[in-house]
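Colleague: Take this structure first; my questions come after.
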Ligand SMILES: [Zn+2]
């Protein structure tokens with residue numbers, strides 16, 4: 002069966018055909034690195050990891066690129082608050098996110114480009130856009146993209162220019178020729194990170210980085226461009242405008258967007274303060290549970306994240322683990338063997354049919370649960386040896402597409418959570434009784450064991466340090 006994917010550009014499911022047979026060029030927008038990453042960030046990385054793994058399962062060679070935005074207003078404002086160098090902050094959270102992706106079992110992209118390492122290519126692209134009159138320089142040295150120079154502007158978000166204009170008014174500058182125009186290059190203010198350019202010292206606007214990184218690492222046309230659906234406008238709309246105006250070719254064939262992870266009905270975000278950090282989640286539940294929570298929801302839908310769905314994820318993990326328990330009998334022929342082989346083939350067919358339908362991981366999981374039941378029934382009927390091993394091998398191949406390893410966590414994973422919580426409760430009582438020395442001792446001893454305790458007005462929290 003052939004794969005169909007939902008393309009935001011056409012608002013339709015389309016048959017997946019790559020620019021080059023057997024090869025996929027996939028770019029996914031990564032995080033702005035200025036603070037702890039939360040499970041909403043992890044959701045996007047995991048969704049595109051499902052996609053990448055399934056494409057590889059189907060035989061494609063996937064070149065996956067994911068960027069880090071390491072030059073940005075948020076990083077600068079954080080640096081101004083803490084007194085650190087913005088580059089130090091960005092590098093710390095970049096390295097941390099890379100380590101978290103590994104913990105989450107996300108396959109490593111071919112390249113992790115960063116804005117600070119792509120400046121010459123960005124400058125070259127801005128210069129090219131200026132040359133063709135798609136951009137202009139303002140008296141203060143900013144460079145803006147001229148949206149009205151692109152007749153297709155708005156094709157991804159389906160906004161007409163006049164609507165787009167009202168959506169961006171808040172960031173309006175006196176020097177813009179049109180409200181919809183957006184910055185390609187910003188003149189540096191004192192104390193901000195800056196680079197020399199033909200327009201004076203400055204730094205890139207946000208959108209141009211992804212256009213330049215695509216061009217540098219994947220070429221002027223790509224197969225899949227991905228990201229969260231909060232990026233459709235203005236980020237991806239502007240990326241298309243810049244790239245297509247620069248190259249004269251159509252940019253990405255398929256625009257894939259994941260839904261937002263929501264906590265209590267709102268998008269999880271730093272500014273709303275409704276966060277579950279990746280560290281906290283991993284310490285308490287491990288990577289498989291997060292993958293199962295995400296796989297159980299459609300990737301394009303918003304994911305309502307709460308204790309119940311996490312508990313469902315834990316239960317799903319236990320069920321799946323059942324399939325890996327060893328055989329206890331040794332029957333290798335007869336009707337029970339034929340039944341198991343048929344059910345294994347059916348599970349594979351159902352799994353592929355679901356995944357071929359726009360990466361329907363929830364349907365894929367349903368096929369896996371049926372398969373677990375079949376394996377358990379076969380085990381109970383005394384099936385063993387090669388036939389049982391063959392069924393488990395197929396099961397392992399399929400859970401691999403979802404990046405699950407089903408390993409039982411070691412101490413240091415979820416099993417320490419109740420004990421740490423207990424210690425923190427006792428410590429809270431000690432603090433109320435002003436027993437500071439004992440309370441500090443618990444914090445310090447935990448730290449020596451790799452558990453970092455943080456106190457705030459709301460109480461204490463902990464993470465693996
Ligand atoms: Zn981007």
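In the numbering used here, the protein residues as written are 2 to 466.
Yeah, the Cβ is synthetic: ideal placement off N, Cα and C, and Gly gets one too.
Just so we're clear, the structure is a prediction, and the values are computed from it rather than from any experiment.
Between residue 52 and the rest of its own chain, which residues show a CB-CB distance below 6 Å, the 5 nearest in sequence each way excluded?
Modeller: Result list for residue 52: 360, in chain order.
Colleague: Give a yes or no on whether the C-beta atoms belonging to residue 17 and residue 6 are separated by under 7 Å.
Modeller: Cβ atoms of residue 17 and residue 6: closer than 7 Å.
Colleague: Taking only runs that begin and end inside the region 311–359, name each unbroken alpha helix (DSSP H) of 4 or more residues, in chain order.
Modeller: If we require 4 residues or more, the alpha helix (DSSP H) runs fully inside the region 311–359 come out as 336–357.
Colleague: Have a look at the DSSP bridge pairing and note the partners of residue 200.
Modeller: For residue 200, which the question treats as bridged, DSSP gives no partner whatsoever.
Colleague: Would residue 379 pass as a contact of residue 345 if the rule is Cβ separation under 7 Å?
Modeller: The answer is no: Cβ separation not under 7 Å.
Colleague: What are the boundary residues of the beta strand (DSSP E) that includes residue 6?
Modeller: Run containing residue 6: 5–8, per the beta strand (DSSP E) assignment.
Colleague: Give the residues whose C-beta lies closer than 5 Å to at least one heavy atom of ligand 1, in chain order.
Modeller: Having a Cβ closer than 5 Å to some heavy atom of ligand 1 are 30 and 211.
Colleague: Three Cβ pairs or more, each shorter than 8 Å: is that satisfied between the region 288–295 and the region 66–82?
Modeller: Touching, no.
Colleague: State the Cα-Cα distance for the pair residue 73 and residue 272, rounded to the nearest angstrom.
Modeller: Whole-angstrom Cα-Cα distance: 16 Å.
Colleague: Who are the near neighbours of residue 206 in its chain, counting only those whose CB is closer than 7 Å to its CB and skipping five residues on each side?
Modeller: So the list reads 183, 184, 185, 186 and 187, once near-sequence residues are dropped.
Colleague: State the DSSP-derived secondary structure class of residue 1, mapped to helix, strand or coil.
Modeller: Shown here, the chain extends from 2 to 466; a query on residue 1 therefore has no answer.
Colleague: Where does residue 2 sit, in a helix, a strand or coil, going by DSSP?
Modeller: If DSSP states are grouped into helix, strand and coil, residue 2 belongs with coil.
Colleague: Check whether the Cβ atoms of residue 224 and residue 25 sit closer than 7 Å, and answer yes or no.
Modeller: Contact flag set, yes.
Colleague: Residue 259 bridges to which residues according to DSSP?
Modeller: Its beta-bridge partners are 229.
Colleague: Could you work out which residue in 23, 32 and 41 is closest to residue 305 when comparing CA atoms only?
Modeller: That would be 41, whose Cα lies nearest to the Cα of residue 305.
Colleague: With a floor of 3 residues, list each beta strand (DSSP E) that falls wholly inside the region 33–117, ordered by position along the chain.
Modeller: Runs found: 62–67.
Colleague: Assuming residue 294 contacts residue 314 under a Cβ cut-off of 8 Å, what Cβ separation, rounded to an integer in Å, is found between them?
Modeller: With a Cβ gap of about 4 Å, residue 294 and residue 314 count as contacting.
Colleague: Does residue 1 pass the burial test, meaning 16 or more other C-beta atoms within 10 Å, or should it be called exposed?
Modeller: Residue 1 cannot be examined here, being either before or after the span of the chain that is shown, 2 to 466.
Colleague: Run through DSSP, which three-state label would residue 409 get?
Modeller: Coil at residue 409, not helix or strand.
Colleague: With distances taken Cα to Cα, identify the nearest neighbour of residue 259 among 299, 250, 177 and 160.
Modeller: Cα-wise, what sits closest to residue 259 is 299.
Colleague: Thinking residue 218 and residue 114 are a contact (beta carbons under 8 Å), I'd like their distance in whole angstroms, please.
Modeller: At roughly 6 Å, the Cβ-Cβ gap stays under 8 Å, so residue 218 and residue 114 are in contact.
Colleague: Output the boundary residues of the alpha helix (DSSP H) element that contains residue 439.
Modeller: Where residue 439 is concerned, the enclosing alpha helix (DSSP H) stretches over 437–449.
Colleague: Over the uninterrupted alpha helix (DSSP H) stretch that includes residue 29, give me the two end residues.
Modeller: Taken as a continuous stretch (DSSP letters only), residue 29 belongs to no alpha helix (DSSP H), being part of the beta strand (DSSP E) at 24–29.
Colleague: Taking 8 Å as the threshold, find out whether the region 361–370 comes into contact with the region 392–410 through three or more Cβ pairs.
Modeller: The region 361–370 is in contact with the region 392–410.
Colleague: For residue 456, does the three-state DSSP call read helix, strand or coil?
Modeller: Strand, per DSSP.
Colleague: Sorted by chain position, which residues of the same chain lie with C-beta nearer than 6 Å to residue 356's C-beta, five sequence neighbours on each side aside?
Modeller: So the list reads 55 and 365, once near-sequence residues are dropped.
Colleague: Buried or exposed: residue 408, going by 16 or more other Cβ atoms within 10 Å of its Cβ?
Modeller: Burial call: exposed.
Colleague: What is the residue span of the alpha helix (DSSP H) that residue 367 lies within?
Modeller: From DSSP, the alpha helix (DSSP H) with residue 367 extends over 362–381.
Colleague: State the CB to CB distance for the pair residue 177 and residue 145, rounded to an integer number of angstroms; the pair is presumed to be in contact (CB under 8 Å).
Modeller: The Cβ separation is near 6 Å, so the contact holds.
Colleague: Is it the case that the Cβ atoms of residue 149 and residue 136 are separated by a distance below 7 Å?
Modeller: No, Cβ-Cβ distance for residue 149 and residue 136 is not below 7 Å.
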